[in-house]
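Trainee: Quick one: the structure is below, and I'll ask about it shortly.
Protein chains: 2
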Amino acid sequence: MAQEKTLTRREKEKQRQRQYILDAALELFSQKGYSNVSMNEIAEKSEFAVGTLYKFFCSKEEIYKSIMLQNSERFHRTLLESLSEGNDEVDTLRKYVRTKRELFFENAAAVQLYHAETIRKGFDAKVGLDDEVRERHDQVQQELTTVFERGMKKGLFNKIAEPSHLAIALDSIHHSFIFLWIEDPDKNEYPDDPDVILNILFKGLLREP
Amino acid sequence: MAQEKTLTRREKEKQRQRQYILDAALELFSQKGYSNVSMNEIAEKSEFAVGTLYKFFCSKEEIYKSIMLQNSERFHRTLLESLSEGNDEVDTLRKYVRTKRELFFENAAAVQLYHAETIRKGFDAKVGLDDEVRERHDQVQQELTTVFERGMKKGLFNKIAEPSHLAIALDSIHHSFIFLWIEDPDKNEYPDDPDVILNILFKGLLREP
DNA sequence: CTTGACTGTGAACGCGCATTCACGATATAG
DNA sequence: CTATATCGTGAATGCGCGTTCACAGTCAAG
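Structure (structure tokens):
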């Protein structure tokens, strides 16, 4: 046990340093893009020497990979959780929007990196990392779709479109507002009330005659 | 006149070649990203020698710049045009969605490049090109906003959200569907009827009790 | 055929960057 | 204190890529 504890202490220290490097890299990657960040920059920002980075990660690509996997794991766990809460489907959607907003605001850098580097589909030279991240994303999207489905079956929602289309629509609207906020937080304030987002779907724009 | 014609003929030939290079570069950039494409690749694809490229463009960056400006000009001219048509606001929106769909489908590569390289805000090392492109984009967005405003004043639309928010929402939903189609045209068919997109906004999801 | 302007070429140059490695610094053990 | 393992370093290495330039091919005029 004592032995385990000393080992753990060293391990913990290692982990702290590792995470410090990842945080530095994430900030740089998200601001300038993977290709435009050099190992020297990451070294400088994380206050290590270039050589030291290679004691933790065997390549620049592995740093990127670690960041993506770590964040994708956290994001999708949190979002799936929020989708299993709520009294009814409307409530669930509100919780989902709130959760996603908080999550994205607290991790703006990771979100920006994810979107910037994911946009190119097949060709991410970066391993089959795509697969894992994509799979998680699809899982959330699928779960969100079933929320709309359930709402329709219960008669809570009108069938104005395919449930999967509604899931896509909700997320895309939400992302737009989040990105506008990230771009210019002062100019584009983000509405605190999730209903401001949801009402775009919930309420009909066209006035019935 | 004769002199002008010979000049024009040579000029035309130059232009053809220039455009051929731009087309090759666009395809590569959109697939792999600006940083991941070498001048040698562009040369090979356009069937010129590397040196020849520099007879047309003084740098790799200028090629990128030309592509972006050329396309942004065409896109925004076309979109603004579509927004000035239509009998009423609903009709205008239908025409806008149709036009944008056709435009984006015929120029999928350009759209993808635009989105991928625009996502990083201030830091595009690529000149103040951002400004010009961004300005045009904002102009379309502004015009779309006024369409929603007019519809509300006429009593054609319900005031379910800020007009500018609705403009953002419509575009973001539309982009999502377009990108899904670009990613996998077979799996995600794009609805031919613009109302499939518009109904997500037009019709209320929530069933009133 | 000769001259000269023009077009197109691709090997060569220089630079920046990811990766390595031989070496000091530091900590642990005996 | 000495010996040994571990940690951290940053100059050196090799490579890929943007850019250049001296040159070969082409064509029109004389």
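Which chain is which? The protein sequence lines are A and B, in order. First residue of the first sequence? That's 0 in numbering that gives the first Met the number 0, and the numbers climb one at a time after it. First residue of the second sequence? That's 0 in numbering that gives the first Met the number 0, and the numbers climb one at a time after it. The C-beta atom is built at its ideal place from N, Cα and C for all residues, glycine as well.
Could you check if residue 124 of chain A is buried or exposed, using at least 16 other CB atoms within 10 Å of its CB as the buried criterion?
Mentor: Caution is warranted here: a pLDDT of 49 is assigned to residue 124 of chain A, below 50, making its placement in the model unreliable, and no coordinate value can be reported.
Trainee: What's the gap between the Cα of residue 4 of chain A and the Cα of residue 117 of chain A?
Mentor: Its pLDDT being 49, under 50, residue 4 of chain A is placed unreliably by the model, and nothing is read from it.
Trainee: Roughly how many angstroms separate the alpha carbons of residue 77 of chain A and residue 42 of chain B, rounded to a whole number?
Mentor: Using only the alpha carbons, I get a separation of about 47 Å.
Trainee: Name, going along the chain, the residues of the stretch 151–175 of chain A whose beta-carbon falls closer than 8 Å to a beta-carbon of chain B.
Mentor: For the stretch 151–175 of chain A, which is checked against every Cβ of chain B, the residues closer than 8 Å are 154, 155, 156, 157, 159, 160, 164, 165, 167, 168, 170, 171, 172, 174, 175.
Trainee: Just verifying my parser: in three-state terms, what is the DSSP assignment at residue 56 of chain A?
Mentor: Three-state DSSP puts residue 56 of chain A in coil, outside helix and strand.
Trainee: Ignore the nearest five residues each way along the sequence and tell me which others in residue 84 of chain B's own chain have a CB closer than 7 Å to its CB.
Mentor: So the list reads 91, 94, once near-sequence residues are dropped.
Trainee: Quick one: what does DSSP say residue 205 of chain A is sitting in, helix, strand or coil?
Mentor: DSSP places residue 205 of chain A in strand when its eight states are reduced to three.
Trainee: Closest to residue 70 of chain A by C-alpha separation, out of A:39, A:47, A:133, would be which residue?
Mentor: When only C-alpha atoms are compared, the closest one is A:133.
Trainee: Tell me the DSSP secondary structure of residue 47 of chain A in three-state form.
Mentor: It is coil, neither helix nor strand.
Trainee: At a cut-off of 7 Å, is residue 150 of chain A close to the ligand FAD when judged by its beta-carbon and the heavy atoms of the ligand?
Mentor: Annotation note on the ligand FAD: not contained in the displayed structure, which lists no ligands.
Trainee: Among B:86, B:23, B:104, which has the Cα closest to the Cα of residue 46 of chain B?
Mentor: Closest by alpha carbon: B:23.
Trainee: Use the C-beta contact count for residue 81 of chain B: other C-beta atoms within 10 angstroms, 16 or more gives buried, fewer gives exposed.
Mentor: So residue 81 of chain B counts as buried.
Trainee: With a cut-off of 8 Å, does the C-beta of residue 119 of chain B fall near any C-beta of chain A?
Mentor: Closer than 8 Å: yes.
Trainee: Apart from the five residues on each side of it in sequence, which residues of its chain come closer than 6 Å, Cβ to Cβ, to residue 96 of chain B?
Mentor: Cβ within range, chain order: 193, 196.
Trainee: Use the C-beta contact count for residue 166 of chain B: other C-beta atoms within 10 angstroms, 16 or more gives buried, fewer gives exposed.
Mentor: Buried.
Trainee: Is the separation between the beta-carbon of residue 157 of chain A and that of residue 203 of chain B shorter than 8 Å?
Mentor: Cβ atoms of residue 157 of chain A and residue 203 of chain B: closer than 8 Å.
Trainee: What is the rounded straight-line gap between the Cα of residue 13 of chain A and the Cα of residue 56 of chain A?
Mentor: Taking the straight line joining both Cα atoms gives about 12 Å.
Trainee: Output needed for residue 20 of chain B: all residues of its chain with C-beta closer than 8 Å, excluding positions within five of it in sequence on either side, in chain order.
Mentor: Correct list, in chain order: 41, 45, 47, 52, 55, 56, 62.
Trainee: Is there a C-beta anywhere in chain A that falls below 8 Å from the one on residue 85 of chain B?
Mentor: It does not: the Cβ of residue 85 of chain B has no partner Cβ on chain A nearer than 8 Å.
Trainee: 8 Å is my cut-off, CB to CB: does residue 35 of chain A come that close to chain B?
Mentor: For residue 35 of chain A, the answer is yes, since a Cβ of chain B falls inside 8 Å of its Cβ.
Trainee: Output yes if chain B places a C-beta closer than 8 Å to the C-beta of residue 149 of chain A; else output no.
Mentor: Output row for residue 149 of chain A: interface = no.
Trainee: Give the DSSP bridge partners of residue 156 of chain B, in chain order.
Mentor: In DSSP, residue 156 of chain B forms a bridge with A:205.
Trainee: Buried or exposed: residue 162 of chain B, going by 16 or more other Cβ atoms within 10 Å of its Cβ?
Mentor: The residue is buried, with at least 16 neighbouring Cβ atoms inside 10 Å.
Trainee: Pair every Cβ in the stretch 134–142 of chain B with every Cβ in the stretch 183–193 of chain A, then say whether three or more of these pairs are closer than 8 Å.
Mentor: The answer is no - the stretch 183–193 of chain A does not touch the stretch 134–142 of chain B, with fewer than three Cβ pairs under 8 Å.
Trainee: Taking 8 Å as the CB-CB cut-off, is residue 206 of chain A touching chain B?
Mentor: With 8 Å as the cut-off, residue 206 of chain A counts as an interface residue toward chain B.
Trainee: Note down, in chain order, each residue of its chain lying with its Cβ closer than 8 Å to the Cβ of residue 79 of chain A, except the 5 sequence neighbours on either side.
Mentor: Once the five neighbours on either side are set aside, the close Cβ partners of residue 79 of chain A are 138, 139, 142.
Trainee: Do residue 29 of chain A and residue 102 of chain A count as a contact pair if the criterion is CB distance below 8 Å?
Mentor: No; because the gap between Cβ atoms is not below 8 Å, this pair is not in contact.
Trainee: To the nearest angstrom, how far is the alpha carbon of residue 75 of chain A from that of residue 136 of chain A?
Mentor: Approximately 7 Å, taken between the alpha carbons.
Trainee: From the DSSP output, in three-state form, read off residue 118 of chain B for me.
Mentor: Residue 118 of chain B falls in the coil class under three-state DSSP.
Trainee: Which complete alpha helix (DSSP H) runs does the stretch 122–198 of chain A hold, if anything under 4 residues is left out?
Mentor: Qualifying alpha helix (DSSP H) stretches, in chain order: 128–152, 162–182.
Trainee: Can you list the residues of chain B that residue 195 of chain A reaches, using a CB-CB cut of under 8 Å?
Mentor: By Cβ distance, chain B contributes 160, 164.
Trainee: Output needed for residue 155 of chain A: all residues of its chain with C-beta closer than 6 Å, excluding positions within five of it in sequence on either side, in chain order.
Mentor: These residues qualify, in order along the chain: 88.
Trainee: Taking the C-alpha atoms as reference points, what is the distance between residue 180 of chain A and residue 110 of chain A?
Mentor: The alpha-carbon atoms of residue 180 of chain A and residue 110 of chain A are separated by roughly 12 Å.
Trainee: Applying the criterion that 16 or more other CB atoms from any shown protein chain within 10 Å of the CB defines a buried residue, is residue 49 of chain A buried or exposed?
Mentor: Label assigned to residue 49 of chain A: exposed.
Trainee: Within 8 Å (strictly less), CB to CB, does residue 115 of chain B reach chain A?
Mentor: For residue 115 of chain B, the answer is yes, since a Cβ of chain A falls inside 8 Å of its Cβ.
Trainee: Using a Cβ-Cβ cut-off of 7 Å (strictly less than) and excluding sequence neighbours within five positions of residue 39 of chain B, which residues of its own chain qualify?
Mentor: Same-chain partners within the cutoff: 49.
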